[in-house]
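Chemist:
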Amino acid sequence: MIRCYSVDALSVSGDKAWRLQDDESWRPCTYGEALQPHDARITDNAKAEYWVGRRLKKDKQGMLMPQQKAGRFDFLMRGIFAHAVIHHLQETPLPERSDMEACIAAQTPGTPWLLYLDPDARFRSLDSEHEPIIGNLDIAVRGEIASSPDYVGPQAVTNEVLMDNTWRQFLGGWLDHLKSSNMNVFVPDIEKLKEESDYLDAIHHWQHEH
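What the sequence shown shows, in the UniProt record's numbering, is residues 1 to 210, in sequence order.
Below, the structure written as structure tokens:
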């Protein structure tokens, strides 16, 4: 098994969390912690996506019961919501800058593209007008949506400053993804970027779960 997902339920304050078990019960946990025996290990994206953003409610016995999916603004309300936590169980590939630039060059200006890294560290593009972003477990790390030829397409790739910043942003986002086990991680702001070597060194020293 290369990786799997656990389902962690988090209280609105973030001070309490529970993890789905293989018998569909829940145990108290620290959000995003390493896998333990009897934790449900989900390898199918569709099954994991069933839980993403789903509201949970305690029944009279105190058991968490799944409710409807959260609406766009429901996260502003109080409640317990489920999240998919990724667990990499083997070494992960390193993103490649040439892959990123090829992906950007292939984008057609005028379409609102989302550049992202999938869980295998591959750069991909998503047409944000026609494909979902929220709850999409193909998205490990995401950038900003862009459609201008200054940011997408062959012209954008000739801007070395833009490519350098975008590359370091995705390295920073990938490191955050590995350390936090979160999906749909936003890349860091340009003002907060570190040197490429800092990210590469930290990624090299990151340890996967066993």
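No residue lacks a Cβ here, since even glycine has one placed at the ideal position from N, Cα and C.
All values derive from a computational prediction rather than experimental measurement.
Is residue 168 helix, strand or coil when you go by DSSP?
Modeler: To locate residue 168, count along the sequence shown from 1; it is residue 168. In this structure, residue 168 counts as helix in the three-state DSSP scheme.
Chemist: Since residue 34 contacts residue 183 with CB under 8 Å, what's their CB separation in whole angstroms?
Modeler: Taking the sequence shown and counting its residues from 1, the one referred to as residue 34 is at position 34. Taking the sequence shown and counting its residues from 1, the one referred to as residue 183 is at position 183. Their Cβ separation, rounded to whole angstroms, is 17 Å, which puts residue 34 and residue 183 out of contact at 8 Å.
Chemist: Quick check: the region 105-119 against the region 21-29, are at least 3 beta-carbon pairs closer than 8 Å?
Modeler: No, the region 21-29 does not touch the region 105-119.
Chemist: Take residue 18 as the anchor and find which of 91, 64 and 144 has the nearest alpha-carbon.
Modeler: The count along the sequence shown starts at 1 and reaches residue 18 at position 18. Nearest of 91, 64 and 144 to residue 18, Cα basis: 64.
Chemist: Going along the chain, which unbroken runs of the beta strand (DSSP E) with 3 or more residues stay wholly within the region 46-134?
Modeler: Counting whole runs of 3 or more residues, the region 46-134 contains the beta strand (DSSP E) stretches 54-58, 64-69, 80-88, 113-117 and 123-127.
Chemist: Go ahead and pull the three-state DSSP assignment for residue 10.
Modeler: Against the sequence shown, residue 10 aligns to sequence position 10. Residue 10 falls in the strand class under three-state DSSP.
Chemist: How far does the beta strand (DSSP E) with residue 203 in it reach, from first residue to last?
Modeler: Walking along the sequence shown from the start, residue 203 turns up at place 203. From DSSP, residue 203 is part of no beta strand (DSSP E) but of the alpha helix (DSSP H) over 196-205.
Chemist: Among 110, 5, 191 and 138, whose alpha-carbon lies nearest the alpha-carbon of residue 154?
Modeler: Here the question's residue 154 lines up with position 154 in the sequence shown. The shortest C-alpha separation from residue 154 is found at 110.
Chemist: Looking at C-beta atoms only, is the number of pairs between the region 55-62 and the region 141-161 that lie closer than 8 Å three or more?
Modeler: Too few Cβ pairs lie closer than 8 Å, so no.
Chemist: Could you check how far apart the C-beta atoms of residue 9 and residue 81 are, in whole angstroms? I think they sit under 8 Å.
Modeler: Position 9 of the sequence shown holds residue 9. Position 81 of the sequence shown holds residue 81. About 7 Å separates the two Cβ atoms, so the contact holds.
Chemist: Please identify the residue among 198, 190, 134 and 171 whose C-alpha is closest to the C-alpha of residue 161.
Modeler: To locate residue 161, count along the sequence shown from 1; it is residue 161. It is 190.
Chemist: If you draw a straight line from the alpha carbon of residue 125 to that of residue 134, how long is it in whole angstroms?
Modeler: Taking the first residue of the sequence shown as position 1, residue 125 is located at position 125. Taking the first residue of the sequence shown as position 1, residue 134 is located at position 134. Residue 125 and residue 134: Cα-Cα distance of roughly 15 Å.
Chemist: Do residue 141 and residue 104 have their beta-carbon atoms positioned less than 7 Å apart in this structure?
Modeler: Along the sequence shown, read from residue 1 onward, the residue named residue 104 stands at position 104. Along the sequence shown, read from residue 1 onward, the residue named residue 141 stands at position 141. Contact flag unset, no.
Chemist: Run through the region 12-44 for me and flag every whole alpha helix (DSSP H) of 4 or more residues, listed as ranges in chain order.
Modeler: DSSP runs (the alpha helix (DSSP H)) wholly in the region 12-44: none.
Chemist: Determine the contact status of residue 40 and residue 22, defining contact as a CB-CB distance below 7 Å.
Modeler: Numbered from 1 along the sequence shown, position 40 holds the residue referred to as residue 40. Numbered from 1 along the sequence shown, position 22 holds the residue referred to as residue 22. In this structure, residue 22 lies closer than 7 Å to residue 40 by Cβ.
Chemist: Quick check on the burial criterion: 16 or more other C-beta atoms within 10 angstroms. Buried or exposed for residue 166?
Modeler: Position 166 of the sequence shown, counting from 1, holds the residue named residue 166. By the 10 Å Cβ count, residue 166 comes out buried.
Chemist: For residue 163, which residues of its own chain have a beta-carbon under 7 Å away from its beta-carbon, when the five flanking residues on both sides are left out?
Modeler: As a working mapping, residue 163 is identified with position 163 in the sequence shown. If we look at residue 163 and ignore the five residues flanking it on each side, its Cβ neighbours are 101 and 157.
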